[in-house]
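Following: one structure in structure tokens, then a few remarks.
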Amino acid sequence: MDVAKQFSSYLKQENKTENTVQGYTSGIRQYIKWFEGSYDRKLTKLYRQNILEYISYLKLLYQAMQKDTQEITKVLIRLFTLLQKNGRKSHRYEKKTVFDIMGVIYEYSGCGKQKKAA
1 MDVAKQFSSY
11 LKQENKTENT
21 VQGYTSGIRQ
31 YIKWFEGSYD
41 RKLTKLYRQN
51 ILEYISYLKL
61 LYQAMQKDTQ
71 EITKVLIRLF
81 TLLQKNGRKS
91 HRYEKKTVFD
101 IMGVIYEYSG
111 CGKQKKAA
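See the structure below:
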């Protein structure tokens, strides 16, 4: 039995929720994939140094993703500005809500909201 399956079985024995089991198992599979790609061998034992290297790798990856997200956000803001100048307004400038865009109408009653398809 592989490490991820063993860990999954352990979590189930500990009465963890299915979402927890899936999330943790996914994390272990990602670690195993990184380990085997980095060291070109199967994971048989865990070493503190390997885990610290993986954490450093994740931090670098997170920083790169943050930078990419910031760049994409800047590009989209400039695109929306251009669209507005050219008279092609976007949802953002039309002040539509997510519900308007998705075509969902909410009617308010005394008891609460009722969802209707538009």
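Using the UniProt record's numbering, the first residue of the sequence shown is number 1, and each one after it goes up by one. In this text, a Cβ means the ideal position worked out from N, Cα and C, and glycines have one as well.
Give the single residue among Glu53, Ile32, Lys67, Ser8 whose Cα lies nearest to the Cα of Lys45. Nearest C-alpha to Lys45: Ile32.
Asn19 versus Ala4: straight-line alpha-carbon distance, rounded: Computed Cα separation, rounded: 15 Å.
Can you name, in chain order, every residue of its own chain whose Cβ lies under 7 Å from the Cβ of Leu58, other than the five neighbours on each side? Taken in chain order, the list of residues that qualify is empty.
So what does DSSP say about Asn50, is it helix, strand or coil? Helix.
Can you look up Thr25 in the DSSP assignment and give me helix, strand or coil? Three-state DSSP puts Thr25 in a helix.
Since Tyr47 and Trp34 should fall inside the 8 Å C-beta cutoff, what is the C-beta to C-beta distance between them, to a whole number of angstroms? The pair is not a contact, with the Cβ atoms about 14 Å apart (cut-off 8 Å).
Range covered by the alpha helix (DSSP H) that runs through Lys5: Lys5 -> alpha helix (DSSP H) spans 3-13.
Please say whether Ser8 and Thr25 have beta carbons closer to each other than 9 Å? Cβ atoms of Thr25 and Ser8: closer than 9 Å.
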